[in-house]
Amino acid sequence: MSARDDILARIHAALGTDVTPGERDVAPGEREAGVSAPGAGYRATSGRTEDELVDLLVDRLEDYKARVEVVAAAELAEAIRSRLEGKTFVAPAGLPADWLHPSLAERRATDSREEPLGVDRLDAIGAVVTGSAVSIAETGTIVLDGSPDQGRRAISLVPDHHVCVVPVETIVGIVPEGFARLDITRPLTLISGPSATSDIELERVEGVHGPRTLDVLIVR
């Protein structure tokens with residue numbers, strides 16, 4: 017059963033409608049005529065190569081005004097250090113130690129579920145560094161799921177600058193691929209560029225719902 021079928025099956029169960037996955041959108045009489053349910057042939061994978069996925073994700077994120085760089089694993093610590101620009105920052109307790117340059121130790125605050133930082137403290141911190149669970153190239157969306165290298169949702173929403181690490185093996189092409197890798201019962205945060213909104217006159221305002229600056233480091 018696909019993730020879509022699983023979600024729709026739960027909805028039907030809650031509504032008390034017993035519809036077999038894959039048959040729900042077929043009109044009476046059409047099933048006997050061999051008509052398939054709409055969406056039955058929807059793409060499950062993009063078929064793109066790793067290079068194509070990286071190029072597409074970079075293009076989408078840059079279109080959203082994120083700053084993106086592809087780095088080697090050995091260059092990651094220096095890349096993170098250079099983007100923090102002397103700022104204090106918060107990192108989840110489960111962030112891999114080798115991601116952070118030793119010179120950053122004095123400027124780091126650590127957040128965990130056992131010892132969470134308050135909103136006032138987070139608001140006074142300049143940046144946050146996290147990993148990521150999945151990135152969807154076609155939509156330019158990075159998903160955090162609260163894993164140890166990503167931490168609580170609050171730390172990625174309150175500081176004004178987010179440095180996000182995207183391992184290349186976590187990049188997928190399309191939305192169904194992404195959600196097939198995720199546990200939808202976890203606290204998911206979907207990020208498509210820095211926080212931005214527009215008023216009725218289309219005046220762009222940044223930072224209302226999250227960080228105004230998003231740095232994405234794709235590690236391959």
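In the numbering used here, the protein residues as written are 17 to 236. Each residue gets a CB set at the ideal place from its N, CA and C atoms; glycine is no exception. Since we're looking at a predicted model, the values are computed, not measured.
Boundaries (first-last residue) of the alpha helix (DSSP H) holding residue i
{"i": "residue 94", "result": "92–100"}
{"i": "residue 75", "result": "66–79"}
{"i": "residue 24", "result": "19–31"}
{"i": "residue 171", "result": "169–173"}
{"i": "residue 86", "result": "Careful: residue 86 lies outside any alpha helix (DSSP H), inside the beta strand (DSSP E) at 83–87."}
{"i": "residue 176", "result": "Where residue 176 is concerned, there is no enclosing alpha helix (DSSP H), given that its DSSP letter is neither H nor E."}
Of the residues the options, the one placed nearest residue i, counting alpha carbons only
{"i": "residue 72", "options": "25, 157, 31 and 206", "result": "157"}
{"i": "residue 106", "options": "20, 204, 140 and 187", "result": "140"}
{"i": "residue 153", "options": "76, 22, 234 and 219", "result": "76"}
{"i": "residue 78", "options": "155, 191, 200 and 167", "result": "155"}
{"i": "residue 64", "options": "185, 86, 24 and 124", "result": "185"}
{"i": "residue 128", "options": "84, 25, 169 and 86", "result": "169"}
CB-CB length for residue i against residue j, believed under 8 Å
{"i": "residue 146", "j": "residue 172", "result": "6 Å"}
{"i": "residue 114", "j": "residue 95", "result": "That belief does not hold up - the Cβ atoms of residue 114 and residue 95 are roughly 13 Å apart, past 8 Å."}
{"i": "residue 159", "j": "residue 198", "result": "6 Å"}
{"i": "residue 165", "j": "residue 209", "result": "Actually they are not in contact, since the Cβ atoms of residue 165 and residue 209 sit about 21 Å apart, beyond 8 Å."}
{"i": "residue 244", "j": "residue 177", "result": "Absent from the model: residue 244. The displayed extent of the chain is 17 to 236, so no value can be given."}
{"i": "residue 125", "j": "residue 116", "result": "The Cβ separation is near 12 Å, so there is no contact."}
Alpha-carbon to alpha-carbon, residue j and residue i
{"i": "residue 31", "j": "residue 19", "result": "19 Å"}
{"i": "residue 151", "j": "residue 183", "result": "9 Å"}
{"i": "residue 231", "j": "residue 74", "result": "11 Å"}
{"i": "residue 189", "j": "residue 66", "result": "9 Å"}
{"i": "residue 142", "j": "residue 103", "result": "6 Å"}
{"i": "residue 204", "j": "residue 100", "result": "25 Å"}
{"i": "residue 206", "j": "residue 122", "result": "30 Å"}
{"i": "residue 62", "j": "residue 233", "result": "22 Å"}
{"i": "residue 162", "j": "residue 219", "result": "33 Å"}
{"i": "residue 138", "j": "residue 130", "result": "16 Å"}
{"i": "residue 82", "j": "residue 196", "result": "26 Å"}
{"i": "residue 180", "j": "residue 68", "result": "20 Å"}
{"i": "residue 200", "j": "residue 167", "result": "16 Å"}
{"i": "residue 148", "j": "residue 28", "result": "32 Å"}
{"i": "residue 187", "j": "residue 70", "result": "7 Å"}
{"i": "residue 26", "j": "residue 59", "result": "22 Å"}
{"i": "residue 84", "j": "residue 191", "result": "21 Å"}
{"i": "residue 86", "j": "residue 24", "result": "37 Å"}
Residue i, buried or exposed, once every other Cβ within 10 Å from all chains shown has been counted against 16
{"i": "residue 216", "result": "exposed"}
{"i": "residue 98", "result": "exposed"}
{"i": "residue 135", "result": "exposed"}
{"i": "residue 175", "result": "buried"}
{"i": "residue 193", "result": "buried"}
{"i": "residue 89", "result": "exposed"}
{"i": "residue 229", "result": "buried"}
{"i": "residue 112", "result": "exposed"}
{"i": "residue 22", "result": "exposed"}
Continuous beta strand (DSSP E) stretch holding residue i: start and end
{"i": "residue 198", "result": "Per DSSP, residue 198 belongs to no beta strand (DSSP E) and is neither H nor E."}
{"i": "residue 124", "result": "124–127"}
{"i": "residue 230", "result": "229–235"}
{"i": "residue 138", "result": "Run containing residue 138: none in the beta strand (DSSP E); it sits in the alpha helix (DSSP H), 135–140."}
{"i": "residue 151", "result": "150–152"}
{"i": "residue 190", "result": "Premise fails: residue 190 is in no beta strand (DSSP E) and is neither H nor E."}
{"i": "residue 108", "result": "105–108"}
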